[in-house]
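Chemist: Residue numbers (full-length UniProt numbering), protein chains in the order written: chain D, 1 to 322; chain X, 1 to 558; chain G, 1 to 220; chain P, 1 to 99.
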Amino acid sequence: MNPTDLALQLWPAAASATAVETDWLILAFTVLTLLLTVPVFVAITWFAIRYRQGEEADRSHGNVRSVLIEISWMLIPFLLTLIFFVWGARLFFISKQVPGDAMVIEAIGRQWMWKFQHPTGQSEINDLHLPIGQPIKIRMISQDVIHNLYLPALRMQMATLPDRYTELWFKADRTGSYRLYCSEYCGTDHSKMDGNLTLMTQADYAAWLQNAGAQQGGQAGAGRVVYESYGCGACHDPGAKVRAPALAGLYGREVRLADGRTVTADETYLRDKILNPNRQKLAADYKQVMPAFRNVIPPDDLDRLVSYLKSTGATAQQEAKP
Amino acid sequence: MTSGTITDGPALREPHTPDSRLGHGADYLHAEHTLRSWFFTTDHKRIALLYLASITAFFVIGAVTAGLVRLALVVPDGQVFTNDTYNKLFTIHGVVMVWFFLIPSIPATFGNFLIPLMIGARDLAFPKLNLASWYVFMTGALFTLASVVLGGVDTGWTFYTPLSTAFSNTWVVPALIGVTIVGFSSILTGLNFVVTIHTMRAPGMTWFRLPIFVWTHYATSLIFLLATPVITVALILLIAERAFHIGVFDPAYGGDPVLFQHLFWFYSHPAVYIMVLPGMGVISEIVPAFAQKKLFGYKFVAYAAIGLASVTFFVWGHHMFVNGQSDFASVAFSVLSFAVAVPSAVKVYNWTATIHKGSLKLDTPMLYAMGYIGLFVLGGLTGLYLATLAINQHVHATYFVVAHFHYIMVGGTVLAFLGGLHFWWPKITGRMYIEAWGRISAFLIFIGFNVTFFPQFILGYLGMPRRYHVYPPEFQFLNILSSAGSTILAVGYLFPMVYLVYSIWFGKRAPANPWDAKGLEWTVPSPPPAHNFLTEPVAPKVPYDYPLQAQETGRQHS
Amino acid sequence: MSAGASDSAVGVKLVSHFATVEQQKRAAVLGMWAWLLTELLLFAGLFLTALILRLLHPEAVQEAARHLKFWIGAINTVVLIGSSLTMSGAIQLSRLGWQRGMVRFMLATAALGTLFLLLKGYEYYADYQEHMMPFLSDRPYELKDSPPSRLFVNLYYVATSLHGLHLMTGITILLVMTWQASRPGFLGQHQNRIEIFGLYWHFIDLIWILAFPTLYVLNR
Amino acid sequence: MFGTSDERRTLWRHMREPVLTAGALLVMLGINVGLGATLPVPHVWIVELLVAAVMVATILWFSMEVRHEPPLVKLFAGIGFFWVGILFTMTLVDYLSRG
Chain D
1 MNPTDLALQL
11 WPAAASATAV
21 ETDWLILAFT
31 VLTLLLTVPV
41 FVAITWFAIR
51 YRQGEEADRS
61 HGNVRSVLIE
71 ISWMLIPFLL
81 TLIFFVWGAR
91 LFFISKQVPG
101 DAMVIEAIGR
111 QWMWKFQHPT
121 GQSEINDLHL
131 PIGQPIKIRM
141 ISQDVIHNLY
151 LPALRMQMAT
161 LPDRYTELWF
171 KADRTGSYRL
181 YCSEYCGTDH
191 SKMDGNLTLM
201 TQADYAAWLQ
211 NAGAQQGGQA
221 GAGRVVYESY
231 GCGACHDPGA
241 KVRAPALAGL
251 YGREVRLADG
261 RTVTADETYL
271 RDKILNPNRQ
281 KLAADYKQVM
291 PAFRNVIPPD
301 DLDRLVSYLK
311 STGATAQQEA
321 KP
Chain X
1 MTSGTITDGP
11 ALREPHTPDS
21 RLGHGADYLH
31 AEHTLRSWFF
41 TTDHKRIALL
51 YLASITAFFV
61 IGAVTAGLVR
71 LALVVPDGQV
81 FTNDTYNKLF
91 TIHGVVMVWF
101 FLIPSIPATF
111 GNFLIPLMIG
121 ARDLAFPKLN
131 LASWYVFMTG
141 ALFTLASVVL
151 GGVDTGWTFY
161 TPLSTAFSNT
171 WVVPALIGVT
181 IVGFSSILTG
191 LNFVVTIHTM
201 RAPGMTWFRL
211 PIFVWTHYAT
221 SLIFLLATPV
231 ITVALILLIA
241 ERAFHIGVFD
251 PAYGGDPVLF
261 QHLFWFYSHP
271 AVYIMVLPGM
281 GVISEIVPAF
291 AQKKLFGYKF
301 VAYAAIGLAS
311 VTFFVWGHHM
321 FVNGQSDFAS
331 VAFSVLSFAV
341 AVPSAVKVYN
351 WTATIHKGSL
361 KLDTPMLYAM
371 GYIGLFVLGG
381 LTGLYLATLA
391 INQHVHATYF
401 VVAHFHYIMV
411 GGTVLAFLGG
421 LHFWWPKITG
431 RMYIEAWGRI
441 SAFLIFIGFN
451 VTFFPQFILG
461 YLGMPRRYHV
471 YPPEFQFLNI
481 LSSAGSTILA
491 VGYLFPMVYL
501 VYSIWFGKRA
511 PANPWDAKGL
521 EWTVPSPPPA
531 HNFLTEPVAP
541 KVPYDYPLQA
551 QETGRQHS
Chain G
1 MSAGASDSAV
11 GVKLVSHFAT
21 VEQQKRAAVL
31 GMWAWLLTEL
41 LLFAGLFLTA
51 LILRLLHPEA
61 VQEAARHLKF
71 WIGAINTVVL
81 IGSSLTMSGA
91 IQLSRLGWQR
101 GMVRFMLATA
111 ALGTLFLLLK
121 GYEYYADYQE
131 HMMPFLSDRP
141 YELKDSPPSR
151 LFVNLYYVAT
161 SLHGLHLMTG
171 ITILLVMTWQ
181 ASRPGFLGQH
191 QNRIEIFGLY
201 WHFIDLIWIL
211 AFPTLYVLNR
Chain P
1 MFGTSDERRT
11 LWRHMREPVL
21 TAGALLVMLG
31 INVGLGATLP
41 VPHVWIVELL
51 VAAVMVATIL
61 WFSMEVRHEP
71 PLVKLFAGIG
81 FFWVGILFTM
91 TLVDYLSRG
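Next up, the structure:
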């Protein structure tokens, strides 16, 4: 189904179970809204006709238990709407708990385009092809201002912030072509920062990966190039003149710090150390000599570099085992 | 009830002779005639008119830019303007409407004019400060207006960093300086109202004899005082950020752009209640007057105003559910936002109960009031949709949000403003407008508004993001519908501008109390004398002492 | 020589739109307190920013705070506490109607305020010498290896200059008022102006009492 | 400058409270400066914050004479701090719970 085929659409397509449940949520909420408002509208209209000045009508007033009335129309609607708070919060929490087997797509927002990178290394601009029936996590960051990745068919959006990773996940269950947008105003061509989200079967997706082949070689392979181009090896390679910590096998290991603490060299640690080595967490027995790469290395290069470092970690661990 | 003879003839040229019973003294419009007596006046009534003229001008500017935005959106491919022009247009619309129209609208005009009259005071506590606040307002507003029109600003009225600080190439700093200055005018107005309501009430005018209009303005003034300084400092930091790269909001140095959003919304969410509460005050005056019935649940409505003004400070994070705020904070802000429904519901149900078994006159102010109730209810409940986390994840920053806040701000504030304008027009000018025209324009505005903004709820749910100049073609039909509605709305707005101005010269003389309304402002001649009361005002024993009233039991009457 | 002996009548002249002097005085006091509310919230935004910076970048903020002139800040606090004392003195004497003594106390208050600003100016100068002005683009920054420290140092300038601006306004008003108050008959008509201004002055003091620990002490 | 002993007594009667207040403030400042200069224990900032809070309360209560004011002014003196509390608490709810 192509969204552009529709002249007038009144309800958006839903491509995941969460999206369908969100629709039920808003429909049910609308029913409650009507229950709460229609009586008011009808009453106002009816009173306006019935008690119009000059109309004969019974205007005598009996006693009214006003405190009881006031408290009931304060609390009953409030408690009823709270049901929807709970329901909405439940869905929200589901959307925050990423399953362990989720496929990770790296997304970068910049003025004014999206760049998506598949786990196998292929990347695409503005458009995104994804398989259904598989949890997908989009990890995203911005290179400049705040953007917001919005996937209406999945009823999902998340801001991309400069220098901080955010994520959203979903499990689509319907193939088709849908829209994706930037929904946080980001400057001149904000409204052109959109594209198509194509959801396909797993087989089609595999075929697409084969054929699309935008950038083969994978993240880690590309990361090796980054490693070379920034001259990291000059200090970090074994046998380098400057004594810097070896990086092979670093990922996932415990690192003893100068202040006595021990931290795990996870992804955040690697990123922090590259972007701003002085910030904290200086490794024990080393002097602080590394320059900061904040504002030097673009986020996509950083992603590749970290992938590379992770892969060298995995290799080293495999070698160490036998 | 009536005072003075009612004759037709030119109003502004001939002083109105007040009832001999009340002693002598020219009314405030004719007390002095020089230009100086207007621009250096310390009379709260004249200052209210200065504000009325200025905010009407700003409303026209905001409305014209809105019209241009709607014009651009008739076609999906953005052929009418360049993207930059479009972005500047909606920024002007937002900045002008929010800061130069909606925030001062009801408080600075009707609040200024009516609070001293309603509480039985000769003036506000600090008349010179009142005049100063108008000059501060005009300085800031014209400064900003010059920079958004001459240079253009393309950040949207929200000024989010780092777009506004590091990436926009437009005149952001002058616009920010102007908005900061206008903030001081809000603070001075709020300060004046708070002090006036506390210290200037006539003997016997206890808190529970005050009209709800005064209560809601008291609540509004508290928000002015407590929220405005925070946006002032946020804007100062933004200016320093842009001018000196101080970096606190700049991620390039480790600053946090989300912190700006916190400071911004700490003000800007309560600012919604700066716009809404005075409107509720106006409606609470109109409904009893046109039902000739005592306001139902007076104390609850009064406390609800204070309740709204307090609760609104705990909910700002619902603007940031998908902006990188922690999940825990989002849940906390979400549940607190639902609490806003309680005092809002109190207001709406009590107005409805007031109409029950009343004796209704469906004149223009009442038509606006009824329209207000309907639109405010829709706007308020769609606000609860937005406070629901899962729904927000879908409709955040879409046209659903645009529709929602226009239902609150146009359906709420503007309709209340127009209702109040018609209701107090005879008091302010001493002239009656032509009733038939008033009713026609009320209907036009109600219909035009709904045709304009209801399709935007659907557009938003379909997923059309806000601030989009170029949009997918499948949204064109609803956008055309919305733009068509806006032309009806525009005609509806033009009508009152014509017939109200016409009435100043050619309208029938207004009696002191044309609506048989209660309240001290209706006990003085129309227009009121320069010193408000010619005899010592006597506070009513009971507020809203209309002929019809429900026998409310279960609590003590004060 | 007796300054106090020249007692003058103490009172407040009624302005026409008030019913009583009592009402007029209450309005003035409440008005100043309402204004001070806004001042508090204004500075609270800056203190909150400082706290958030501390949470986000603890080490950098500590490092930056250690470069601030702790002792000048402390001496300045003493100066402001002293100025509060002289301001209280002026208020007390105004109630007694001791006009000349009051004027001297007011001058002393203005002098202490000015001393604060001079010390602050010297502090800025010392900061400049030590390359601690990261917002100057053409001057290298001392802690350039720690970008987040810039944020805190810059915030320090925003906060202290905003406070300095308030103090400067206060001194200007105080001097104008001293000039008016030195003329005969002032206390008979406008005694409450001294009290109202006193509230403002004490509040600037209060803000500094909060700013000093927030910027200089807590982050060490 | 105050000639007669009568006048000096009157003066002292009126100045006793401001002088004592200033003295108390200076002592508390001394404590904070001492703590800040020596940093005797970890988390000394808690103590410093408490001392600063007491200093603020002292200025409000004595220097600004809130204790002699009617309840309304007392409310106004306190309400601002309550609102500062809202601003800080709700913002920290976000920052302290970020993963």
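Ideal Cβ placement from N, Cα and C applies to all residues, glycine included. All values derive from a computational prediction rather than experimental measurement.
Nearest chain G C-beta to Met90/P closer than 7 Å, yes or no?
Modeler: Numbered from 1 along the fourth sequence, position 90 holds the residue referred to as residue 90/P. Chain G contact via Cβ: absent.
Chemist: Would you kindly report the start and end of the unbroken alpha helix (DSSP H) that includes Tyr461/X?
Modeler: Here residue 461/X is taken as the residue at index 461 of the second sequence, counted from 1. Run containing Tyr461/X: 435-462, per the alpha helix (DSSP H) assignment.
Chemist: How long is the line joining the alpha carbons of Pro540/X and Trp351/X, rounded to whole angstroms?
Modeler: The residue you call residue 540/X lines up with position 540 of the second sequence. The residue you call residue 351/X lines up with position 351 of the second sequence. Their Cα atoms are separated by approximately 21 Å.
Chemist: Strictly below 7 Å CB to CB, what residues from chain P border Ser186/X?
Modeler: Translated into the one-based positions of the second sequence, residue 186/X becomes position 186. Result: empty, since nearest Cβ-Cβ is about 16 Å, beyond 7 Å.
Chemist: Is the beta carbon of His269/X sitting closer than 7 Å to the one on Thr91/P?
Modeler: The residue you call residue 269/X lines up with position 269 of the second sequence. The residue you call residue 91/P lines up with position 91 of the fourth sequence. Not a contact, by the Cβ cut-off of 7 Å.
Chemist: Examine the Cβ distances between the stretch 167-179 of chain X and the stretch 189-204 of chain X and report whether three or more of them are shorter than 8 Å.
Modeler: These segments do not touch.
Chemist: So, do the stretch 423-434 of chain X and the stretch 56-65 of chain D have three or more beta carbon pairs nearer to each other than 8 Å?
Modeler: With a cut-off of 8 Å, the stretch 56-65 of chain D and the stretch 423-434 of chain X do not count as touching, because too few Cβ pairs lie within range.
Chemist: Just tell me which of Phe88/P, Met15/P, Val73/P, Met55/P has its CA closest to the CA of Ser94/G.
Modeler: On the third sequence, residue 94/G is found 94 positions in, with the first residue counted as 1. With distances taken between Cα atoms, Ser94/G lies closest to Met15/P.
Chemist: Under DSSP, the alpha helix (DSSP H) around Gln191/G begins and ends at which residues?
Modeler: Residue 191/G sits at position 191 when you count from the first residue of the third sequence. It spans 186-212 - the alpha helix (DSSP H) in which Gln191/G sits, taken as one unbroken run.
Chemist: Specify whether the stretch 391-408 of chain X and the stretch 349-365 of chain X touch according to this definition: at least 3 beta carbon pairs, one from each stretch, less than 8 Å apart.
Modeler: With a cut-off of 8 Å, the stretch 349-365 of chain X and the stretch 391-408 of chain X do not count as touching, because too few Cβ pairs lie within range.
Chemist: Going by the beta-carbon positions, is the gap between Gly140/X and Val98/X smaller than 7 Å?
Modeler: Position 140 of the second sequence, counted from the start, is the residue given in the question as residue 140/X. Position 98 of the second sequence, counted from the start, is the residue given in the question as residue 98/X. For Gly140/X and Val98/X, no; Cβs fall outside 7 Å.
Chemist: Would DSSP call Asp27/X helix, strand or coil?
Modeler: Mapped onto the second sequence, residue 27/X falls at position 27. Strand, per DSSP.
Chemist: Would you verify that the beta carbon of Ala11/X is, or is not, closer than 7 Å to some beta carbon of chain G?
Modeler: Counted from its first residue, the second sequence places residue 11/X at position 11. Note on Ala11/X: pLDDT 44, under 50, position unreliable in the model; no value is reported.
Chemist: Contact criterion: CB-CB distance below 7 Å. Does Gly23/X meet it with respect to chain G?
Modeler: Sequence index remark: in the second sequence, residue 23/X carries index 23 (1-based). Its pLDDT being 44, under 50, Gly23/X is placed unreliably by the model, and the measurement read from it follows with that caveat. Answer no: the Cβ-Cβ gap between Gly23/X and chain G never drops below 7 Å.
Chemist: Classify Pro527/X as helix, strand or coil using the three-state DSSP reduction.
Modeler: Residue mapping note: residue 527/X aligns to position 527 of the second sequence, counting from 1. Of the three classes helix, strand and coil, the one that applies to Pro527/X here is coil, per DSSP.
Chemist: What does DSSP give as the partner residue(s) for Val104/D in the beta ladder?
Modeler: Translated into positions along the first sequence, residue 104/D becomes position 104. Looking at the DSSP assignment, Val104/D forms a beta bridge with Lys137/D.
Chemist: Within 7 Å of any Cβ in chain D, is that where the Cβ of Thr2/X sits?
Modeler: Stepping through the second sequence from its first residue, residue 2/X is reached at position 2. Confidence at Thr2/X is low in this model, with a pLDDT of 39, below 50, so the placement of that residue should be treated as unreliable; the coordinate-derived value is given next. No, Thr2/X does not count as interfacial toward chain D.
Chemist: At the level of alpha carbons, what is the spacing between Glu22/G and Pro529/X?
Modeler: For the purposes of this step, residue 22/G is taken as the residue at position 22 of the third sequence. For the purposes of this step, residue 529/X is taken as the residue at position 529 of the second sequence. About 26 Å.
Chemist: Taking the straight line between their C-alpha atoms, what separation do you get for Val153/G and Met320/X?
Modeler: Mapped onto the third sequence, residue 153/G falls at position 153. Mapped onto the second sequence, residue 320/X falls at position 320. Distance between the alpha carbons of Val153/G and Met320/X is about 28 Å.
Chemist: State the Cα-Cα distance for the pair Ser37/X and Ile92/X, rounded to the nearest angstrom.
Modeler: Counting from 1 along the second sequence, the entry for residue 37/X is found at position 37. Counting from 1 along the second sequence, the entry for residue 92/X is found at position 92. Taking the straight line from one Cα to the other gives about 33 Å.
Chemist: Per DSSP, what kind of secondary structure is Thr160/G in: helix, strand or coil?
Modeler: Start at 1 with the first residue of the third sequence, and residue 160/G comes out as number 160. Helix.
Chemist: In three-state DSSP terms, what is Leu250/D?
Modeler: Here the question's residue 250/D lines up with position 250 in the first sequence. Note: Leu250/D maps to coil in three-state DSSP.
Chemist: Please identify the residue among Val60/X, Gly448/X, Phe477/X whose C-alpha is closest to the C-alpha of Leu462/X.
Modeler: Translated into positions along the second sequence, residue 462/X becomes position 462. Selected option, being the one with the closest Cα: Phe477/X.
Chemist: Mapping the DSSP letters down to three states, classify Ser142/D as helix, strand or coil.
Modeler: Sequence index remark: in the first sequence, residue 142/D carries index 142 (1-based). Three-state result, Ser142/D: strand.
Chemist: By the three-class DSSP mapping on this structure, what secondary structure does Pro131/D have?
Modeler: Position 131 of the first sequence, counted from the first residue, corresponds to residue 131/D. Residue state, collapsed to three classes: strand.
Chemist: How big is the Cα-Cα spacing for Ala19/G and Val158/G?
Modeler: The residue given as residue 19/G occupies position 19 in the third sequence. The residue given as residue 158/G occupies position 158 in the third sequence. The straight-line gap from Cα to Cα measures roughly 43 Å.
Chemist: From the DSSP output, which residues share a beta bridge with Ile125/D?
Modeler: Taking the first residue of the first sequence as position 1, residue 125/D is located at position 125. DSSP lists Lys115/D as partners of Ile125/D.
Chemist: Taking Cβ to Cβ, would you say Ala234/X is nearer than 7 Å to Ile306/X?
Modeler: Your numbering for residue 234/X matches position 234 in the second sequence. Your numbering for residue 306/X matches position 306 in the second sequence. No, the pair does not count as a contact, with Cβ atoms beyond the cut-off.
Chemist: Looking at the structure shown, is Asn148/D part of a helix, part of a strand, or coil, going by DSSP?
Modeler: The residue you call residue 148/D lines up with position 148 of the first sequence. Strand at Asn148/D.
Chemist: In the DSSP assignment, what residue or residues form a beta bridge with Ser16/D?
Modeler: As a working mapping, residue 16/D is identified with position 16 in the first sequence. Bridge partners of Ser16/D: Ala172/D.
Chemist: Compare the C-beta of Ala390/X against all C-beta atoms of chain D and say whether one is closer than 7 Å.
Modeler: Translated into the one-based positions of the second sequence, residue 390/X becomes position 390. Chain D contact via Cβ: present.
Chemist: On the CB-based measure, 16 or more other CB atoms within 10 Å of its CB, does Gln129/G come out buried or exposed?
Modeler: Position 129 of the third sequence holds residue 129/G. Gln129/G is exposed by the Cβ-count criterion.
Chemist: At a cut-off of 6 Å, is Met177/G close to the ligand NAP when judged by its beta-carbon and the heavy atoms of the ligand?
Modeler: This structure lacks the ligand NAP; in fact it carries no ligand of any kind.
Chemist: Confirm, please, whether the CB-CB distance from Gly324/X to His57/G is below 7 Å.
Modeler: On the third sequence, residue 57/G is found 57 positions in, with the first residue counted as 1. On the second sequence, residue 324/X is found 324 positions in, with the first residue counted as 1. No, the Cβ-Cβ distance between His57/G and Gly324/X is not below 7 Å.
Chemist: Is Val84/P closer than 7 Å to Ala44/G when the C-beta atoms are compared?
Modeler: One-based indexing of the third sequence puts residue 44/G at position 44. One-based indexing of the fourth sequence puts residue 84/P at position 84. It is a contact, given that the beta carbons lie within the stated cut-off.
Chemist: Once you ignore the five residues that flank Ala326/X on each side, which residues in its own chain have a CB closer than 8 Å to its CB?
Modeler: Translated into the one-based positions of the second sequence, residue 326/X becomes position 326. This sequence places Ser at residue 326/X; Ala is not what is there. So no residue of the chain qualifies.
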